[in-house]
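Counting in our numbering, the sequence shown runs from 1 upward without gaps. For every residue, glycine included, the Cβ atom is placed at its ideal position computed from N, Cα and C. Values in this document were obtained by computation on a predicted structure and should not be read as measured data.
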Amino acid sequence: MYYLLTYDVVPEYLEKREQFRESHIELALAAVSRGELRLGGALTEPSLGAALLFEGDSPKVAEDFVTKDPYVSNGLVKRWYINEWSIVLGAGVPAKEIDFG
């Protein structure tokens, strides 16, 4: 199952994140190496937040990331959301039969 973690960030997030960026990237790389984090990055122009796509048996994979993320613990993230994402098609995703009703 896939889970989309989205962040709403504070104004001037891009400038404020620099001191925490290395720790944030290390956390993300560890999640990638465990096969949990599939994609991640900032939403730009203007900087509205970030989106990270996790894969796992439950939303706990994304929740665990949030609890350890220095961007969250240092107040750069105003709000965060985790939603299960039902992916229907895409590169690398097994094709499903689509019912067009």
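What did DSSP end up calling residue i once you bin it into helix, strand or coil?
| i | result |
| --- | --- |
| V77 | strand |
| V66 | helix |
| L5 | strand |
| E45 | coil |
| E36 | coil |
| L14 | helix |
| V88 | coil |
Would you give the residue range spanned by the alpha helix (DSSP H) that residue i belongs to?
| i | result |
| --- | --- |
| A28 | 18-33 |
Can you round the beta-carbon distance between residue i and residue j to whole angstroms, since I take them to be within the 8 Å contact cut?
| i | j | result |
| --- | --- | --- |
| E36 | F54 | 5 Å |
| Y7 | W80 | 5 Å |
| Y71 | R38 | The Cβ separation is near 19 Å, so there is no contact. |
| L29 | G40 | Not really, about 10 Å apart at Cβ, beyond 8 Å. |
| V77 | V32 | At roughly 20 Å, the Cβ-Cβ gap does not stay under 8 Å, so V77 and V32 are not in contact. |
| I82 | A62 | 5 Å |
According to DSSP, what are the bridge partners of residue i?
| i | result |
| --- | --- |
| L53 | L4, L39 |
| I82 | L5 |
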